[in-house]
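Protein chains in written order, with my numbering: chain D, -4 to 227; chain C, 12 to 321.
Let me begin by presenting the structure, written as structure tokens, before commenting on it.
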Amino acid sequence: MHASKPCIAMLIATLCPALMFGGTVSGKVTYTGTPVKQKAIDMSKEPSCAKQHATPVTTETIVTGANNVLENVVVYISAGADDANAPSQAVTFTQKGCQYIPHVIALHTGQELQVVNADQTSHNIHPLAKVNREWNKSQPPGSPNIQEKFDQPEFISVKCNIHPWMHGWFAVLKTSHYSITGDNGGFSLPNLPPGKYTITAWHEDYGTQTQDVTITGNETKSIDFSFKAKAY
Amino acid sequence: MSKLSQKHLFSAILTFILAAGLGAAKAQDAPDVGPHPSGPEKHMESHIGNLTGHSENAKMDYRRYCAGCHGDLGDGQGENTPWLDPKPRNFTLATFKCRSTLTGTLPTDDDLFNTIGRGLTNSNMPIWNTFTKQQRADLVAYIKTFSPRWEKEKAGDPIKIPAEPPVTIESISHGKALFTKLECWKCHGPQGKGDGPSAATLTDSQDNPIRPYNFAGGKDDSRFKCGSTNADIYKIFITGVDGTPMPSFADVIQPNDAWDLVHFLRTLQVNRHSKENDVLKAAGGKIPAYVEKSEVPASQTENRAAGGTN
């Protein structure tokens, strides 16, 4: 045990210099104005899902947190850090309680996607791809995970036709430097070697914003994004 | 005539000859584009049996017979499109309903060739049997010029359809159990009338409303979009109908189970004479409840375990 620790440290230091010495871009995504109110979802047609929710769930097109924080924003490096290889671990997208968990996933082109049905009802997973191949697969309860890949970068809207309120997004990117904002609105893109980068923030309803950042060494650059809420 | 005017005349003639020559050359170079912008200039081929289709040969046919709905650019935005439901196919997306290939893959040349010849019932796409086979093959090639996917990808492999087992009351009964278990009824309705709980909310991939198939309507098979044999119905739920809410069940149904489902679906066509309805009638007109074999629950637990792990 004791002998192996320095070995691992040395291994990390030799294999991943960026991990040790890279720069970081981090910040927060907020909104201004008044976001449109989300609609309550009526799941009474699917009792096995309805009973999983003590309080009615709402649509997730716009999810906000305290202090005008905007959630479900994909912040990624759109120029300067295209990496050729997809990470080997899969990204999981779960259908539970007739909702997509999480609402937005990001994955690298060629990276494996695992779609899990944790419900006692059939779902059909229908990514409405326009650049990639559009497919549509049934997944009854207890079926094995669906494994798929996407070749081209694209923001793909995903739906279940059986349960029309179910809606999510696959953000297929050319980079694995991405971060999706949660309930504190924060994002962090670590391990960036020195260079010039374009950072893009994408939200399914509010669109995209970009900012350029230059990383010179082992530093943390702070940038924030602010979206204007649509009134409708 | 003065020397000067002679010179003038000479240069005028020379200019005229040159201009006429250039004009002629220009007329030869310019393609006959007509009043509309011409389609893509790519060359594509199709192979149907021993026929080879060439896209450039279909240009005039496409413009005369197809562009009114599918549009000059193949984007499904022809001048008739606002009045059509379902909407004409947008060839630039290369997503097709009737395929022999798995969901997400390109159809074979034969699939497109058959669709042109068969037409699409319940839509404004007629049966184009007025075309020769060569014309249809050329049109298949032409359709492939509208999306770059045809240059980058190969068509999917046609699915294998095993020989159909005999129709028995057991296969119908098992088919009914699958219809319930796979939740086909959520859209198609418990009696296959296209009135399931999700039916009213369905939209196609372009967000246009779309109805699930009503098995019970009509007396014949004429309303099946992608062919009306038992094998064609088998094909539909294995391949899915891309661009619509109908998913593929390829990963979740075994070949023999799929045939049982076909046999049951035939009994939903209550007004149609079929071997399935004959078998059902001989069995007293009622589908007995399916009794699961002992190994079925075991394999279900196995699947569930596999589904829970990553």
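All residues carry an ideal CB built from backbone N, CA and C; glycine is no exception.
Keep in mind that this is a model prediction, so the values were computed, not measured.
Compute the Euclidean distance between the alpha carbons of residue i and residue j, then round it to the nearest angstrom.
| i | j | result |
| --- | --- | --- |
| C/ALA269 | D/VAL31 | 46 Å |
| C/ILE170 | D/ALA166 | 31 Å |
| D/GLN204 | D/ALA226 | 19 Å |
| C/PRO208 | C/TRP196 | 8 Å |
| C/THR63 | C/ASP72 | 16 Å |
| D/THR59 | C/GLY167 | 43 Å |
| C/LYS297 | C/HIS274 | 14 Å |
| C/VAL290 | D/PHE150 | 50 Å |
| C/ASN288 | D/PRO148 | 50 Å |
| D/ALA113 | D/PHE88 | 10 Å |
| C/SER57 | C/THR250 | 22 Å |
| C/ARG147 | C/ASP231 | 27 Å |
| D/ASP178 | C/TYR224 | 43 Å |
| C/GLU67 | C/TRP139 | 19 Å |
| D/SER83 | D/ILE120 | 23 Å |
| D/GLU107 | D/ASN140 | 12 Å |
| C/GLY229 | C/ARG283 | 8 Å |
| D/THR104 | D/ALA76 | 14 Å |
What does the Cβ neighbour count give for residue i, buried or exposed, with the cut at 16 atoms within 10 Å?
| i | result |
| --- | --- |
| D/SER39 | exposed |
| C/ALA69 | buried |
| D/LYS169 | buried |
| D/TRP160 | buried |
| C/THR126 | buried |
| C/PRO118 | buried |
| C/THR255 | buried |
| D/VAL64 | buried |
| C/LYS292 | exposed |
| C/ASP96 | exposed |
| D/GLN142 | exposed |
| D/HIS198 | buried |
| C/HIS54 | exposed |
| D/PHE220 | buried |
| C/GLY85 | buried |
| D/SER133 | buried |
| D/ALA101 | buried |
| C/THR141 | exposed |
| C/THR240 | exposed |
| D/LEU48 | In the sequence on display, residue 48 of chain D carries His and not Leu. Exposed: under 16 other Cβ atoms inside 10 Å. |
| C/ILE101 | It is Asn, not Ile, that sits at residue 101 of chain C in the sequence shown. By the 10 Å Cβ count, C/ASN101 comes out buried. |
Less than 8 Å between CB atoms is the rule here; does residue i satisfy it with respect to chain D?
| i | result |
| --- | --- |
| C/ASP268 | no |
| C/LYS197 | yes |
| C/SER57 | no |
| C/THR250 | no |
| C/PRO208 | yes |
| C/LEU276 | no |
| C/SER49 | Low confidence applies to C/SER49: its pLDDT is 48, below 50, so where it sits in the model is not reliable enough to give any reading. |
| C/GLY32 | A caution first: C/GLY32 carries a pLDDT of 46, below 50, which makes its placement in the model unreliable, though a value can still be read off. Not one chain D Cβ lies under 8 Å of C/GLY32. |
Taking residue i as the query, report the chain C residues whose CB atoms sit under 8 Å from its CB, ordered along the chain.
| i | result |
| --- | --- |
| D/GLU129 | LEU104, THR106, GLY115, SER216, ASP253, GLY254 |
Show which residues of chain D have a CB atom less than 9 Å away from the CB atom of residue i.
| i | result |
| --- | --- |
| C/ASP262 | LYS132, SER133, GLN134, SER138, PRO139, ILE141 |
Is the shortest distance between the beta-carbon of residue i and the beta-carbons of chain C less than 8 Å?
| i | result |
| --- | --- |
| D/ILE157 | yes |
| D/LYS40 | yes |
| D/GLU125 | First, the amino acid is wrong: residue 125 of chain D is Lys here, not Glu. It does; some Cβ of chain C falls within 8 Å. |
Starting from residue i, find everything on chain D with Cβ-Cβ shorter than 8 Å and list it in chain order.
| i | result |
| --- | --- |
| C/GLU194 | THR116, SER117, PRO135, ILE157 |
| C/PRO258 | ASN119, ILE120, HIS121, ASN131, LYS132, SER133, ASN156 |
DSSP on residue i, reduced to helix/strand/coil?
| i | result |
| --- | --- |
| D/THR193 | strand |
| C/MET71 | helix |
| D/THR201 | For the record, residue 201 of chain D in the displayed sequence is Tyr; it is not Thr. Of the three classes helix, strand and coil, the one that applies to D/TYR201 here is coil, per DSSP. |
| D/TRP160 | coil |
| C/THR92 | helix |
| C/SER184 | helix |
| D/VAL153 | strand |
| D/GLN109 | strand |
| C/THR191 | helix |
| D/VAL68 | coil |
| C/THR278 | helix |
| D/HIS121 | strand |
| D/VAL208 | strand |
| C/GLN145 | helix |
Along chain D, which residues have their Cβ under 7 Å away from the Cβ of residue i?
| i | result |
| --- | --- |
| C/THR212 | PRO159 |
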